[in-house]
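Mapping of the sequence shown onto numbering that gives the first Met the number 0: position 35 corresponds to residue 34, and the numbering continues sequentially without gaps.
Every residue gets a Cβ at the ideal spot worked out from N, C-alpha and C, and that includes glycine.
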Amino acid sequence: MDQKIWSINGIELELDISDADGMERYETAFEIMAEEEKNIPKEGKRSAQIRSYCKLFRNFFANIFGEESADMIFKGVPVSCEAYDEIYVSFLDFVREQSVRAAAKRAEIITKYTPNRQQKRLLKK
0 MDQKIWSING IELELDISDA DGMERYETAF EIMAEEEKNI PKEGKRSAQI
50 RSYCKLFRNF FANIFGEESA DMIFKGVPVS CEAYDEIYVS FLDFVREQSV
100 RAAAKRAEII TKYTPNRQQK RLLKK
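See the structure below:
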């Protein structure tokens with residue numbers, strides 16, 4: 000599996016968080032989400048709260064991948080907090096795995112090209 004491809008609901012979407020443009024879309028989506036979250040009704044019908052909550056995630060993915068992709072992500076998915084949370088967690092796992100792999104790769108490079116103590120002592124002599 001390509002570490003920059005998120006597979007969900009039968010589609011594959013690309014996001015590279017090591018790329019400035021990809022990271023900017025990701026960051027902006029979270030900023031917008033934080034603002035939109037304030038508009039979820041705290042009172043009134045629970046059904047309206049659920050719809051607002053789910054719309055929050057649709058907009059989040061639309062801001063990262065585009066409207067059409069967001070529609071495809073949620074195609075056939077019930078407007079359910081639980082169902083939307085599962086998709087969101089899947090996405091967060093995808094991003095976390097990408098971050099872990101990138102950090103491990105950077106650490107490997109640093110280790111490979113940073114001399115150890117014994118090598119430093121030999122160089123000083």
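Counted as a single uninterrupted DSSP element, the stretch harbouring I39 is not any alpha helix (DSSP H), since DSSP gives it neither H nor E. Taking C-alpha positions only, N8 is separated from K74 by approximately 8 Å.
S68 and N62 have their C-alpha atoms roughly 10 Å apart. Boundaries for S79: no beta strand (DSSP E) harbours it, and the DSSP string shows neither H nor E there. The beta carbon of R57 sits closer than 7 Å to the beta carbons of A69 and F73 from its chain, once the five residues preceding and following it are set aside; these are given in chain order. In the DSSP assignment, S6 is bridged to E11. In the displayed model, T27 falls within a helix according to three-state DSSP.
Taking E35 as reference, the option from S51, K104, A103 and A106 with the minimal CA-CA separation is S51. Your pair I10 and M71 checks out as a contact, with CB atoms roughly 5 Å apart and the cut at 8 Å.
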